[in-house]
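**Student:** Sharing a structure here in structure tokens format.
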Amino acid sequence: MDQTSESRPERGELILRLRDVSKQFGAVTALSDIELDIHAGEVVALVGDNGAGKSTLVKVLAGVHAPTSGSIEFMGKPVNLSGPGTALELGIATVFQDLALCENLDVVANLFLGHEVGPWALDEVAMEVRAWRLLKELAARIPSVREPVASLSGGQRQTVAIARSLLLDPKIIMLDEPTAALGVAQTAEVLNLIERVRDRGHGVILISHNMEDVRAVADRIVVLRLGRNNGEFTPASSHQDLVAAITGASENSVSRRAARKAQPAEV
Amino acid sequence: MTNLDTETNLDRADTRVRHDQGIAGAVRAFFDRVRSGDLGMLPVIVGLIVITLVFATLNPVFLLPNNLVNLLFDAAAVGLISLGVVCVLLLGEIDLSIGSMSGLASAITGVIWVNVGLPLPLAIAGAVAAGVLTGLVYGTLLNRFGMPSFVSTLSGLLALLGLQLYILGPTGSINLPFSSSLVRFGQVMVMPAWMSYLLALVPGLLIIASGLRTMRRRVHANLTPGSRSVLYLRAGLLTVALLGAAFYLNQGRGVPYMFGLFVLFVVAMDYALTRTQWGRSMFAVGGNREAARRSGIDVRRIRLSAFVLCSSFAALGGVFSAARLASSSQQAGAGDVNLNAIAAAVIGGTSLFGGRGSAWSALLGVLVIQAISNGLTLLNLSSSLRYMITGAVLAIAVIVDSLARQSRASHGRA
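These protein sequence lines map, in sequence, to chains A and B.
Per this note's numbering, the first sequence starts with residue 129, numbered consecutively.
Per this note's numbering, the second sequence starts with residue 723, numbered consecutively.
In structure tokens form, the structure reads like this:
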């Protein structure tokens, strides 16, 4: 993170703008007419039930899937995210749910994968120093950066994956369920980290099922339902509204459960 | 090595980890690694010692300097082919047509050089160009059509063999002139003694020089520098071994240039695989292709480069074997060349499952394969027995690879 980008956008500037983005897998419509704006220095939480299209949207933005139709504008210019390399070059970094690390390589090699220092004569010392700095900044507990990733625990792998996404000083970082596999302290660290990243002027897209985490750090909450936009909320919005938007009705299993819990107390 | 730093080094902040230091530490780390299934070069070195002992007791000729010189002459061609196989194995792919490719390359060399009468370098370039082309075809078949390399190279095996027979024509064999530089290179040319000793000193000196430089930089960057005694010990042992080998071979005819050139290719390949971005990408694609792709690595280009390298090395190996046999014939590249080259890479410690291996496995593996073949020939055993024994050795090597892989998985190492 000690690498400074030559063109860091101003806080609040529109970085990413999606209009009418759709994605079809054969007969299945995973995304339809999605609209999404991401500004510099804000955390946008993307929430929705299973199958709402969150992961598909992330993969479209990461260049893993090409959208079937729609337009994506990055820094005011229409872009074609044809591959993961293009997305990375533009400054869209992604931490995938399945962390996508190479188990046979050590932590340093994984952090710098595809962006090694010195393509013709790898500078292992410089890379190791930068790796330790970065991990220290994230208050990460990694025993050794020279061990293969296969020997790390789930939380440690998550940390490595997040550290890797920050290495290139991206404009937008997307985190797909970053806290799902983490312990209490590590979750707090990741949330701290997300705020730190936002304060540095990056745009953050956070995908999570954990409403507590979402409310804790998000500036805006965008709800997807069955592949469509289904409302936008702030952390101040009521829990009921949010759940209603996610599940698609005010009368749903969550509200029924809440009502059932509430009843005995009134009697 | 004691560290007098008052503040902890960057890489020593975590107190839960045992940090081995000095020679005793290096030994302990080594045993830890082996026990968890990270065998590295160990099986092949043990194998080489066992084979040497067995054949030396059965027939004392085996250990005579001149026999070993012959062995090295024989090893260079298959070794080069094996070096290419390491590249495709690292990706978890395979090339089954390397034998045919080497045969075709030997035929091309003979036809262009002897039959057509063009200069030798042009003939060799033509052979290697055929290798490059073949590799491009395999890579494209995999990238564009998703054709498994197992199938594409199996059909390539037949197609290349057909092409070899076609260009050799009805006579089926071309003799290369004995007085030519190519044949002399493949049969008699050895280094002068002083040169072999000088070259034996180079690796040790390079290890010390680069090791000390890395140490200085690590100290400067507030990392633990590693042990100086371990560094000197490694370099010293290597230098003694190389000097001893050079001395012993010089009691006979000496160190073949052809083998020296092969080792040079191995060193270059080792550098490319371990010290360049391309090499890192090779290991990444072999370890987890999807992760490599998402890191922005161009997986298609890496695959293409591996197949091109493999076929090119096979072609060059074919030229070497033509030089060794002083002929381009229909038999070139047939029989056990294919199996020997793949077996050498696997025996040397390159995993068939991708993501693990080293250029050195081609060198060590081919020494094992050639030692077996040479020893069995000295015992006057027919090729039928030789095939069976080589097959068994390959099977054992793959079993060791599989077992080590399972052990690594249960010990939390990839």
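We put the CB at the ideal spot given by N, CA and C, even for glycine.
In this structure, how does DSSP classify GLN225 of chain A when only helix, strand and coil are distinguished?
**Tutor:** coil
**Student:** Output yes or no for whether 7 Å exceeds the beta carbon distance between LEU890 of chain B and SER819 of chain B.
**Tutor:** no
**Student:** Sort A:GLN286, A:LEU218, A:GLY219, A:ALA194 by Cα distance to SER150 of chain A and report the nearest one.
**Tutor:** A:ALA194
**Student:** Hey, could you find the ends of the beta strand (DSSP E) ILE162 of chain A is sitting in?
**Tutor:** 156-167
**Student:** Could you work out which residues of chain A lie near ARG1015 of chain B, taking near to mean beta carbons separated by less than 7 Å?
**Tutor:** PRO212
**Student:** The region 1028-1047 of chain B: which residues have C-beta closer than 9 Å to a C-beta of chain A, in chain order?
**Tutor:** Residues: none.
**Student:** Hey, quick one: how far does the alpha helix (DSSP H) through GLY747 of chain B stretch, first residue to last?
**Tutor:** 744-757
**Student:** Can you tell me which of the three DSSP states THR728 of chain B falls into?
**Tutor:** At THR728 of chain B, the pLDDT of 42 sits below 50, so the modelled position is not reliable; the number obtained from the coordinates is stated separately. In the structure shown, THR728 of chain B sits in coil (DSSP, three-state: anything other than H, G, I, E or B).
**Student:** Just to confirm, is the Cβ distance from ASP221 of chain A to ILE301 of chain A under 7 Å?
**Tutor:** Note on identity: in this sequence residue 221 of chain A is Ala, with Asp being the wrong assignment. Against a cut-off of 7 Å, the Cβ pair of ILE301 of chain A and ALA221 of chain A comes out as a contact.
**Student:** Measuring alpha carbon to alpha carbon, tell me which of B:SER1027, B:SER1049, B:ILE1094, B:ALA1037 ends up nearest LEU813 of chain B.
**Tutor:** B:SER1027
**Student:** Which residues of the region 228-247 of chain A have a Cβ closer than 7 Å to any Cβ of chain B? Give them in chain order.
**Tutor:** ALA228, LEU229, CYS230, GLU231, ASN232, LEU233, ALA237, LEU241, GLY242, GLU244, PRO247
**Student:** According to DSSP, what are the bridge partners of GLY331 of chain A?
**Tutor:** A:ILE300
**Student:** Taking 6 Å as the cut-off, is the C-beta of LEU986 of chain B nearer than that to any heavy atom in the ligand GTP?
**Tutor:** In the structure on display, the ligand GTP does not appear, and there are no ligands present to speak of.
**Student:** Can you pull the chain B residues whose beta carbon is under 9 Å from the beta carbon of GLU256 of chain A, in chain order?
**Tutor:** One finds LEU732, ASP733, ARG940, ALA943, LEU945 in chain B with Cβ atoms closer than 9 Å to the Cβ of GLU256 of chain A, taken in chain order.
**Student:** Based on DSSP bridge pairs, tell me the residues matched to LEU146 of chain A.
**Tutor:** A:LEU164, A:ILE200
**Student:** Looking at the secondary structure, which residues open and close the beta strand (DSSP E) in which ARG1050 of chain B lies?
**Tutor:** In the sequence as presented, Arg is not what sits at residue 1050 of chain B; that position holds Ser. Residues 1049-1051.
**Student:** For GLY712 of chain B versus CYS230 of chain A, is the C-beta distance shorter than 7 Å?
**Tutor:** With chain B represented from 723 up to 1136, any question about residue 712 of chain B goes unanswered, as that position is not in the structure.
**Student:** Under DSSP, the alpha helix (DSSP H) around ILE1019 of chain B begins and ends at which residues?
**Tutor:** Unbroken run through ILE1019 of chain B: none, as it is neither H nor E.
**Student:** Indicate whether at least one CB of chain A lies closer than 7 Å to the CB of ILE1024 of chain B.
**Tutor:** Chain A, which has no Cβ nearer than 7 Å to the Cβ of ILE1024 of chain B, makes this no.
**Student:** Can you tell me where the alpha helix (DSSP H) with ASN1096 of chain B in it begins and where it stops?
**Tutor:** Here the alpha helix (DSSP H) through ASN1096 of chain B covers 1082-1100.
**Student:** Count the CB pairs spanning the region 1043-1061 of chain B and the region 826-839 of chain B that are closer than 8 Å, and state whether there are at least three.
**Tutor:** yes
**Student:** Buried or exposed: where does ALA372 of chain A fall if 16 or more other Cβ atoms within 10 Å of its Cβ makes it buried?
**Tutor:** Buried: at least 16 other Cβ atoms inside 10 Å.
**Student:** Could you tell me which of A:LEU241, A:HIS367, A:SER383 sits nearest to LEU294 of chain A, measuring between CA atoms?
**Tutor:** A:LEU241
**Student:** Should GLY958 of chain B go down as buried or exposed, given a rule of 16 or more other Cβ atoms within 10 Å for buried?
**Tutor:** exposed
**Student:** Should ALA931 of chain B go down as buried or exposed, given a rule of 16 or more other Cβ atoms within 10 Å for buried?
**Tutor:** exposed
**Student:** Using a Cβ-Cβ cutoff of less than 6 Å, which residues in the same chain neighbour VAL952 of chain B once the five nearest sequence positions on both sides are dropped?
**Tutor:** ILE745, ALA748
**Student:** Have a look at GLU170 of chain A and ARG285 of chain A and give me their C-alpha separation to the nearest angstrom.
**Tutor:** 26 Å
**Student:** Please state whether DSSP places MET129 of chain A in a helix, a strand or coil.
**Tutor:** For MET129 of chain A, the predicted model reports a pLDDT of 39, less than 50, meaning its position is unreliable and no value from the coordinates is stated.
**Student:** Alpha carbon to alpha carbon, how far is LEU262 of chain A from MET255 of chain A?
**Tutor:** Near 10 Å, if we compare the C-alpha coordinates of MET255 of chain A and LEU262 of chain A.
**Student:** Please name the residue in A:ALA364, A:ALA268, A:ARG356 whose C-alpha comes closest to that of VAL342 of chain A.
**Tutor:** A:ALA364
**Student:** Cα-Cα, which of A:SER160, A:HIS243, A:GLY211 is closest to ASP297 of chain A?
**Tutor:** Minimum Cα distance to ASP297 of chain A is reached at A:HIS243.
**Student:** Quick one: list the residues of chain A neighbouring PHE1005 of chain B, beta-carbon separation under 9 Å, in chain order.
**Tutor:** CYS230, ASN232, LEU233, ALA237
**Student:** Can you list, in chain order, the residues of the region 1067-1085 of chain B whose Cβ is nearer than 8 Å to any Cβ on chain A?
**Tutor:** If the cut-off is 8 Å between Cβ atoms, the region 1067-1085 of chain B has GLY1077, ARG1078 near chain A.
**Student:** Just how far apart, CA to CA, sit MET129 of chain A and LEU1089 of chain B?
**Tutor:** With a pLDDT of 39 at MET129 of chain A, under the threshold of 50, the modelled position of this residue cannot be trusted; read the value that follows with caution. Rounded to whole angstroms, MET129 of chain A to LEU1089 of chain B spans 48 Å at the Cα level.
**Student:** Would you mind working out which of A:LEU189, A:ALA291, A:ALA268 sits nearest VAL325 of chain A, comparing C-alpha positions?
**Tutor:** A:ALA291
**Student:** Thinking just about the alpha-carbon of each residue, which of B:ILE1069, B:ILE1111, B:ALA1037 is nearest to the one in ALA799 of chain B?
**Tutor:** B:ALA1037
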